[in-house]
Amino acid sequence: MKCAVIMFPGSNCDVDCYHACRDVLGQPTEYVFHKEKFSSVDFDLIVLPGGFSYGDYLRAGAIARFSPAMESVIKAAEAGKLILGICNGFQILLEAKLLPGAMKRNRDLKFHCHDVFLRVENNNTPFTGLYKKGEIIKVPIAHGEGNYFADRDTMEKLKARGGVVFTYCDRDGNVTEEANPNGSVENIAGIVSEQGNVLGMMPHPERCAEDILGNTDGRRVFESILQYVEGSVAHGR
Amino acid sequence: MAGRDDARKLGLADYEYDEIVKTLGREPNYLELGMYSVMWSEHCSYKNSKPVLKRFPTSGPRVLQGPGENAGIVDIGDNLAVVMKVESHNHPSAVEPYQGAATGVGGIIRDIFTMGARPVALLDSLRFGSLDDPRVKYLFSGVVSGIADYGNCMGIPTVGGEVYFDDSYRDNPLVNAMCVGIIQHDRIVKGRAAGVGNSVMLVGSTTGRDGMHGASFASEELSEDSVAKRPSVQVGDPFMEKLLLEACLELLQNKWVVGIQDLGAAGLTSSSCETAARAGSGIELDVALVPRREENMTPYEVMISESQERMLVIVEKGHEQDVKKIFEKWDLNAVKIGTVTDDGMLRVLENGTVVAEVPARSLADGAPSVKRESRKPDYMETLDVDLSSIKIPADLNDVLIKLLSSPNIASKAWVYQQYDHTVRTDTVVPPGSDAAVLRIKGTKKGIALTTDCNGYYCYLDPYEGGKQAVAEAARNLVVAGARPLAITDCLNFGNPEKPGVYYQFEKCVDGMAEAARYLNTPVISGNVSFYNETRENAIYPTPVVGMVGLLEDVEKRCTMAFKKEGDVVVLLGENTDELGGSVYLREVMGVKGGRPPRLNLDVEKRVQDCCLKAIELGLVHSAHDVSEGGLAVALAESCIAGNTGFSGEIETELRHDAVLFGEGQSRIIMSLPEENLSLIQKIAGESNVNISVLGFVKQGNFKIEVKHKGVNIGKIDIPVEEIAGIWGNAIRWKVEN
Amino acid sequence: MIINARINVRFKSGVLDPQGTAIKGALKHLGFDGVEDVRVGKLIEIKLDAASKEDAEGQIKDMCEKLLANPVIEDYSFELS
Amino acid sequence: MIINARINVRFKSGVLDPQGTAIKGALKHLGFDGVEDVRVGKLIEIKLDAASKEDAEGQIKDMCEKLLANPVIEDYSFELS
Ligand SMILES: Nc1ncnc2c1ncn2[C@@H]1O[C@H](COP(=O)(O)OP(=O)(O)O)[C@@H](O)[C@H]1O
Ligand SMILES: [Mg+2]
């Protein structure tokens, strides 16, 4: 599986995603600088990493979405390639309209860095195939603007098609107000596009993919992708 | 020409003015005088502290760079080294907490990547007044979010620090930021302007009028008109700094880079004269070439502006375009503003006309140092407390609850959860334990980091307090399984012109120096911040110690959390009857005074060595040092961290409040499987360290009984869930109500 | 000609404004009991060299739609001078 | 009576405005070459129940000084309606 990690100015989880793809997963991985374009045949997985592209000035992700690399990302998405946006990457995907909705500042206006529990709402995606539906996993968050918003209409459609992939829950899996760290509509932590090939999530699976980090719950996001891609190759898709 | 009156207005003493005239052989002009005034301010020149700082041990087999450069460097093997430095941003934060703290973080990060190192961690050591004061809440929240927003945006995890609350810091909070970087030995760069004819380039942000006279501002007492001195506060741009970091690290891969220096306090003046002085060369620059963001700036303003996110780069002649190319990639400015000369002068031109010309070395290092008078302050004569008159409370549960809800002991999660501490995926022990541990990818190694200082101890006894700060920092690394390597320090004191303050300063340094020598942790970098006082009062002497330790095998790291039911809990070291300086005596009993606990360095060293050995042999499941709040609090913290209970018993001849809540030094609690007990006892015996069994890790309550000759004289018994809630939420509750 | 544009970007009604809510709470806490609602938006001031006022208007509108406001959650308005 | 206040909080001139700089860059990148300067401030809209317009004016001023603006780096202005 060929992986790309896009480096926007201000990205800072680019090194972590690169490490997860290359060292943890053992797959060939390249950085793509935001000023470069690429062809959608070059990669199987394109990761938009976390960080503060353009300082998160104006709105998180708002300026980054105009970069040349994003033009290629949009084409790759149309071509069905897998796109994984984590944290700031998710915000960029929203601004680029590859995913519906928008992000606001956390309800309490504070940056939150701690573990949260997530319920896997949809395991029928290329990104979550190795989880069980309804499984509860622990993944760290680190963001100040993870307060997901979509209007009622959009929400209805999103839910109807199984677009909600992860929700914030408590350790027993209850999706409660207290378990919502940032005020997201219906505790949304991650969503997938209609075609199923673009996933955005605020929590950081790359930060819990190795034993030494004390938690490997996030590793299966990457392993699911790998399995899916290798499966697709095997089936000649 | 500028005369004595101008000099005085700029904060220069008459003898300093005379010295300038002598050096130049003429009267300075106003620009020259302005440059002298910032460079010879306490903040830049260390004129009040230099002779005393010489008392620190600064060398050792692992020291690759001691004090004098932008940051210190210590070897950790495998061709790798740790670069570190701490710096204060106290006065700016008192006026504009958010930007003041943010730009403090920005400044310290630049000090690290200036050396060519990749910054990998931040720590912050903070002091505020009481959280009952609304203005303190404002300062506290503002400082924390300023640090968070800057560090988080940079993608450098903030992995540790400390926060204390005491009235002495009410008007003058302390905001000290520490940054740690990793570098390969052969990549170390220095701030030197060598090679006649080489180009001096300014890179990064544009220059504006912000932050004029920041260095002087840091070198005087805070007063009402401090607020009026607004231009001294800068606005930070962490995004710009992130680009600058990446661009500089890319630049520094090249052999044709001669030197690099960040523009901190005193801006272009300090960076140019310091790089020239270090290399024994001179620099000629033209202010007209400096990219600006404001119109009509005078040479004076350009030379002393403290606009953030700028660096001075010295490159071999002919490589200017190469520099520009790298910076363009990152959408940054890079402009040649001058050249290296051989005449030792800093020559400032404006459109080709000389507007200032002074010897670089005299600016950088020429401030006449002052020998300040030092006298033991009167208050120290009246600190004695008659302990026999203090009745031991009957309800010890209540005492424990009061201690755990004191913001000085309560969990600091409200603070560090606003900091991204997991970015870079190296944080293997996150904040919340005694020291943070980072792995170093590509090796088996890890480094442990901490900052420590008990200002109240230093107030009660500056010498013991200084010693204790170093010892506690080392102890915090040791319980994490690391061998302490080196110190960076931030010495925060009041007005050094007052003999009592100077006494505190000297004694703290002496105490720190002695401990540093004994524990083999040389001081490799640091910062002095004087004038931390307002008309009414000075801060407690607060010499913050930042320390780094090395784990040869990061898998051997240890945390303070009790991990396994049935584990036996032991105490290394000895209980004492000391109560002076304790949080218990001051905050629960309302008694200020007493002597802080004594520290015997020989005992300390043996306890630390024994603990480290036990951890390295893999014998223990947890280790935690006893500090604020004493043994009972330390045990409770290990319970809370491990979400488990404890049941134990102590037989003693001493006052039982001293045993439970006294802060006697050189004590560590460890939990271990019972089958390892005899081995640990043997190791302790060989190291001549006292070891005693305190009890067992056990589900349910936190329970401890103190007995004298078998008779129960005091008891704590309380559900861990209850104390966890109190300890965990105390600060949040105070700030948000 | 140089045109100064003053753009206001606000959350759409119906979109909860976390900053506004926080400021309202803080103001009440400070004793401003009469505060009934607080909304926080952005003020963006642009100095633009344009051919004419109409040209400027068109450009600013364009900027708002492309970048300055996110139509999913925000409305904008502007004045030129 | 209900008063609507519209408060603008801006960085003082001379204070670096990183957001403004970044937005200016982005607008240029999008082809808006005429953009000469961008400054970003806050727009705070407050609905206030006050005894009179004068009372409201006093209160809003107070709020700005106590909470909404930091005089060290920011200026404010407001309109009531
Ligand atoms: N300002 C801060 N920033 C980051 N972490 C902090 C801060 N203050 C405290 N911590 C973390 O909270 C934990 C407890 O701190 P402290 O009580 O000072 O520990 P100790 O007494 O062992 O020195 C440590 O892990 C420390 O790093
Ligand atoms: Mg400790």
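Protein chains in written order, with this note's numbering: chain X, -9 to 227; chain E, 332 to 1068; chain U, 290 to 370; chain D, 290 to 370. Ideal Cβ positions, reconstructed from N, Cα and C, are used throughout, including at glycine.
How many angstroms separate the CA atom of residue i from the CA atom of residue j?
{"i": "I1014(E)", "j": "T781(E)", "result": "27 Å"}
{"i": "D988(E)", "j": "I740(E)", "result": "17 Å"}
{"i": "V1028(E)", "j": "I1011(E)", "result": "17 Å"}
{"i": "Y218(X)", "j": "P116(X)", "result": "6 Å"}
{"i": "N728(E)", "j": "D409(E)", "result": "50 Å"}
{"i": "D98(X)", "j": "D345(E)", "result": "54 Å"}
{"i": "N906(E)", "j": "S997(E)", "result": "9 Å"}
{"i": "I657(E)", "j": "A169(X)", "result": "45 Å"}
{"i": "S602(E)", "j": "L643(E)", "result": "7 Å"}
{"i": "I333(D)", "j": "R295(D)", "result": "6 Å"}
{"i": "L305(D)", "j": "H952(E)", "result": "51 Å"}
{"i": "F254(U)", "j": "C789(E)", "result": "What is shown of chain U runs 290 to 370, which leaves residue 254(U) out entirely."}
{"i": "Y849(E)", "j": "L932(E)", "result": "7 Å"}
{"i": "T310(D)", "j": "A869(E)", "result": "40 Å"}
{"i": "E704(E)", "j": "G435(E)", "result": "31 Å"}
{"i": "V414(E)", "j": "I1047(E)", "result": "45 Å"}
Cutting at 8 Å between CB atoms, please list the residues of its own chain near residue i, excluding the five before and the five after it.
{"i": "V558(E)", "result": "Any reading at V558(E) must be qualified, since the residue scores a pLDDT of 45, below 50, and its modelled position is unreliable; the value itself is stated next. These residues qualify, in order along the chain: V426."}
{"i": "D32(X)", "result": "K(-8) and A(-6)"}
{"i": "K355(U)", "result": "none"}
Mind reading off the beta-carbon distance from residue i to residue j? Whole number of angstroms is fine, and I expect it under 8 Å.
{"i": "K336(U)", "j": "E325(D)", "result": "4 Å"}
{"i": "G330(U)", "j": "N297(U)", "result": "6 Å"}
{"i": "A779(E)", "j": "A813(E)", "result": "4 Å"}
{"i": "Y377(E)", "j": "I351(E)", "result": "Not quite, the Cβ-Cβ distance comes to about 18 Å (not below 8 Å), so this is no contact."}
{"i": "N785(E)", "j": "F824(E)", "result": "That pair is no contact at about 15 Å."}
{"i": "L620(E)", "j": "V666(E)", "result": "6 Å"}
Which residues in chain D have a C-beta closer than 9 Å to the C-beta of residue i? List them in chain order.
{"i": "F300(U)", "result": "Ordered by position in chain D, no residue passes the 9 Å Cβ test against F300(U), which lies about 10 Å from the chain."}
Starting from residue i, find everything on chain D with Cβ-Cβ shorter than 8 Å and list it in chain order.
{"i": "V426(E)", "result": "V361"}
Kindly list the residues whose CB is nearer than 6 Å to the CB of residue i, restricted to its own chain and excluding five residues on each side of it in sequence; keep chain order.
{"i": "E125(X)", "result": "V110"}
{"i": "L38(X)", "result": "I(-4), G75, G79 and I82"}
{"i": "L453(E)", "result": "G482, I487, T489 and C510"}
{"i": "M1001(E)", "result": "V901, V951 and A954"}
{"i": "S742(E)", "result": "W1058 and G1059"}
{"i": "C353(U)", "result": "Y365"}
{"i": "C3(X)", "result": "P39, G40 and G41"}
Excluding the five sequence neighbours on either side, which residues of its own chain have a C-beta within less than 7 Å of the C-beta of residue i, listed in chain order?
{"i": "V759(E)", "result": "V768, L769, R770, G777, V885 and R888"}
{"i": "K317(D)", "result": "V324"}
{"i": "N187(X)", "result": "A67, G70, K71, L72, I73 and P116"}
{"i": "F200(X)", "result": "Just to set this straight, residue 200(X) is Glu in the shown sequence, not Phe. Answer for E200(X): V14 and T206, listed in chain order."}
{"i": "C484(E)", "result": "P569, F570 and K573"}
{"i": "Y429(E)", "result": "G473, S476 and G477"}
Applying a beta-carbon distance threshold of less than 7 Å, which residues of chain D neighbour residue i?
{"i": "A315(U)", "result": "L356"}
{"i": "F23(X)", "result": "Per Cβ cutoff of 7 Å: no residues; F23(X) is ~15 Å from chain D at best."}
Closer than 9 Å by beta-carbon distance: list the chain E residues that pair up with residue i, in chain order.
{"i": "N2(X)", "result": "N483, C484, M485, G486, I487, K573, D751, V754 and R755"}
Using a Cβ cut-off of 8 Å, pull out every chain X residue sitting near residue i, in sequence order please.
{"i": "Q308(U)", "result": "R95 and L99"}
For residue i, which residues in chain X fall below 7 Å Cβ to Cβ?
{"i": "L319(D)", "result": "F56"}
{"i": "I312(D)", "result": "Y47 and L48"}
Output, in chain order, the set of chain U residues within a Cβ distance shorter than 8 Å of residue i.
{"i": "A52(X)", "result": "L356 and N359"}
{"i": "G79(X)", "result": "Within 8 Å Cβ-Cβ: nothing; G79(X) doesn't reach chain U, min ~17 Å."}
Does the Cβ of residue i lie closer than 7 Å to at least one heavy atom of ligand 3?
{"i": "E196(X)", "result": "No copy of ligand 3 occurs in the structure displayed; its ligands are ligand 1 and ligand 2 alone."}
So with CB distances below 7 Å, who are the chain E contacts of residue i?
{"i": "V304(D)", "result": "D541 and V566"}
message: As an exercise, report each continuous beta strand (DSSP E) stretch of at least 3 residues that is fully enclosed by the segment 118 to 204 of chain X, in chain order.
response: Whole beta strand (DSSP E) segments, 3+ residues: 126 to 133, 137 to 139, 154 to 159, 178 to 182 and 188 to 191.
field: Start-end ranges of the beta strand (DSSP E) lying completely within the segment 390 to 439 of chain E, minimum 3 residues
entry: Listed in chain order, they are 394 to 396, 403 to 408 and 411 to 419.
query: Which parts of the segment 74 to 109 of chain X are runs of the beta strand (DSSP E), unbroken and 3 residues or longer, counting only runs that do not cross its ends?
result: DSSP runs (the beta strand (DSSP E)) wholly in the segment 74 to 109 of chain X: 92 to 94.
query: Which runs of the beta strand (DSSP E) fall wholly inside the segment 941 to 1008 of chain E and span at least 3 residues, in chain order?
result: 953 to 956, 977 to 982 and 999 to 1003, all fully within the segment 941 to 1008 of chain E.
- request: Please specify which runs of the alpha helix (DSSP H), each continuous and at least 4 residues long, are wholly inside the segment 826 to 906 of chain E, giving them in chain order.
  value: Those alpha helix (DSSP H) runs which fall completely within the segment 826 to 906 of chain E and span 4+ residues are 830 to 849.
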